[in-house]
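Going by my numbering, the first residue of the sequence shown is number 2, and it counts up by one from there. Heads up, the thing below is written out as structure tokens.
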Amino acid sequence: MLGDKINSFRGRSAKILGHENTFKSAVLLPLIIVENKYFVLFEKRAFSMNRQPGEICFPGGAKEPTDDYSEYTAIRESSEELGVPLNCFEVIAPLDIMVSSFNSIVIPYLAHIKIQDPSTLRINKDEVENILLIPLDFFLENDPEVHIIKTSAQVPDDFPYHLIPHGRNYPFRTGCIPQYFYIWEGETIWGLTASILHHFIDLLKKA
């Protein structure tokens with residue numbers, strides 16, 4: 002009966018609307034402790050990669066159907082890229098989920114890579130050009146440059162304007178996406194990576 006179906010919604014957990022039509026990935030924001038000092042680890046993507054070659058990113062990647070949960074995705078991908086055993090990753094906490102304007106969802110996790118010597122990393126050269134270790138203090142002491150990207154609806158010619166108020170004069174909303182830029186020794190961290198990093202630094206300053 003319809004009433005039974007409606008009652009079946011009780012206790013349902015909310016998801017992100019439309020998530021099934023997005024590209025889902027999970028990443029780690031990895032911290033490494035070297036001589037009692039915290040560093041943030043980044044990857045520089047291999048120049049042979051099809052997407053975003055040479056850009057700075059966090060380790061992680063796409064969720065596979067066999068991955069039971071996104072935290073495992075982030076650890077598995079990071080292990081493959083950095084050459085670090087799975088048991089060397091300690092997830093500290095999830096960070097806020099990022100829903101981008103480009104049909105993707107990124108689930109980040111704050112993590113600690115429990116290794117004594119970063120030189121023991123055996124990076125996968127097919128995916129990673131090299132790694133960057135940047136002192137966490139740098140991000141606490143230096144604010145990023147902030148620039149704004151404006152977005153607007155790109156409406157196709159066959160859009161059914163006759164079905165909506167004001168027709169072709171409908172006031173579609175525009176959006177503003179802040180873009181953060183951190184510059185470290187000639188390398189630029191920006192895009193989704195910088196947004197996740199900025200979110201973490203903001204939380205850390207308020208802790």
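Positions of the beta carbon are idealized from the N, C-alpha and C atoms, including for glycine.
For Glu72, the enclosing alpha helix (DSSP H) covers residues 71-83.
With contacts defined as CB atoms closer than 9 Å, Ala27 and Ser80 fail to qualify as a contacting pair. Counted as a single uninterrupted DSSP element, the beta strand (DSSP E) harbouring Leu29 occupies residues 24-35.
Of all alpha-carbon atoms in Lys45, Glu146, Lys207, the one lying nearest the alpha-carbon of Pro179 is that of Glu146.
Here the alpha carbon of Gly4 sits roughly 25 Å from the alpha carbon of Ile17.
Ala75 sits buried, since 16 or more C-beta atoms from the chains shown fall within 10 Å of its C-beta. About 5 Å separates the beta carbon of Glu82 from that of Val129, a gap short enough to meet the 8 Å contact definition.
The beta strand (DSSP E) runs of length 3 or more contained entirely in the stretch 108-144 are, from start to end of the chain, 129-136. It is roughly 55 Å from the alpha-carbon of Pro172 to the alpha-carbon of Asn37.
Ranked by Cα distance from Leu205, the options Ile150, Asp138, His167, Thr175 are led by Asp138. The C-beta distance from Asp127 to Ala208 rounds to 37 Å, too long to meet the 8 Å contact threshold.
Cβ contact annotation for Ile135 (same chain, cutoff 6 Å, sequence separation greater than five): Val41, Trp185, in chain order. Gly192 sits in a helix when the DSSP states are folded into three classes. In the three-state DSSP reduction, Gly55 falls in the coil class, being neither helix nor strand.
In the three-state scheme derived from DSSP, where H, G and I count as helix and E and B as strand, Gly187 is classed as coil.
For Val156, the closest C-alpha among the options His148, Ile150, Gly168, Ile149 is that of Gly168.
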